[in-house]
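Peer 1: Per UniProt numbering, the very first residue in the sequence shown carries number 1; after that it's consecutive. My questions will all concern the structure given below.
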Amino acid sequence: ERSLLANWLTAHGQPEEAVRQAERAVAMDPKDGRVRYNAACTYAKVGDLDKAIEHLKEALANLPTHVTRWPKHDPDLEPVRKHPEWANLFGSETN
Numbered sequence: 001e002r003s004l005l006a007n008w009l010t011a012h013g014q015p016e017e018a019v020r021q022a023e024r025a026v027a028m029d030p031k032d033g034r035v036r037y038n039a040a041c042t043y044a045k046v047g048d049l050d051k052a053i054e055h056l057k058e059a060l061a062n063l064p065t066h067v068t069r070w071p072k073h074d075p076d077l078e079p080v081r082k083h084p085e086w087a088n089l090f091g092s093e094t095n
């Protein structure tokens, strides 16, 4: 799946192609929470925190509620935890 490929590309030093693949995945299925979540991870890893938050918001709106705790523990999203919108999405709690 393209969104997983995007994460692989990021991990292997190809951030531009990773972003292209993430955006293609989102364009193919914009309401798929998993695709949006993986796009958020890709953008976090390439340093575009605003885009990461944008995709994370969409992911949370389209994922089962038990999944909403994942971002708090996902190391891919570590850079986003300092974004001002993080507290709006998750509050100040860390787990």
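The beta-carbon is built from N, C-alpha and C at its ideal position, and this holds for glycine as well.
When you compare only the Cα positions, how much space is there between ALA22 and PRO15?
Peer 2: Reading the sequence shown from its first residue, position 22 is the one you call residue 22. Reading the sequence shown from its first residue, position 15 is the one you call residue 15. Distance between the alpha carbons of ALA22 and PRO15: 10 Å.
Peer 1: With 9 Å set as the bound, which would you pick, yes or no: does the beta-carbon of PRO84 sit closer than that to a beta-carbon of chain B?
Peer 2: Judged by its chain identifiers, the structure shown contains no chain B, having just a single protein chain.
Peer 1: Report the rounded CA-to-CA distance for PRO84 versus GLU1, giving the unit in angstroms.
Peer 2: Within the sequence shown, numbered from 1, the residue matching residue 84 stands at position 84. Within the sequence shown, numbered from 1, the residue matching residue 1 stands at position 1. Near 31 Å, if we compare the C-alpha coordinates of GLU1 and PRO84.
Peer 1: Straight-line CA distance for residue 96 to VAL35?
Peer 2: With the chain covering only 1 through 95, there is no way to say anything about residue 96.
Peer 1: Output yes or no for whether 9 Å exceeds the beta carbon distance between ALA52 and LEU77.
Peer 2: Mapped onto the sequence shown, residue 52 falls at position 52. Mapped onto the sequence shown, residue 77 falls at position 77. Cβ atoms of ALA52 and LEU77: closer than 9 Å.
Peer 1: Please return the same chain residues whose Cβ sits closer than 6 Å to the Cβ of ALA25, not counting the five positions on each side in sequence.
Peer 2: Position 25 of the sequence shown, counted from the first residue, corresponds to residue 25. Taken in chain order, the residues that qualify are ARG2, SER3, VAL35.
Peer 1: Do LEU63 and residue 112 have their beta-carbon atoms positioned less than 9 Å apart in this structure?
Peer 2: This structure leaves residue 112 out entirely; the chain is present only between 1 and 95.
Peer 1: When you compare the CB positions of ALA18 and VAL80, do they come within less than 9 Å of one another, or not?
Peer 2: Indexing the sequence shown from 1 puts residue 18 at position 18. Indexing the sequence shown from 1 puts residue 80 at position 80. Going by C-beta atoms, ALA18 is not nearer than 9 Å to VAL80.
Peer 1: Could you give the DSSP three-state label for ASN95: helix, strand or coil?
Peer 2: As a working mapping, residue 95 is identified with position 95 in the sequence shown. Confidence at ASN95 is low in this model, with a pLDDT of 48, below 50, so the placement of that residue should be treated as unreliable; the coordinate-derived value is given next. Coil.
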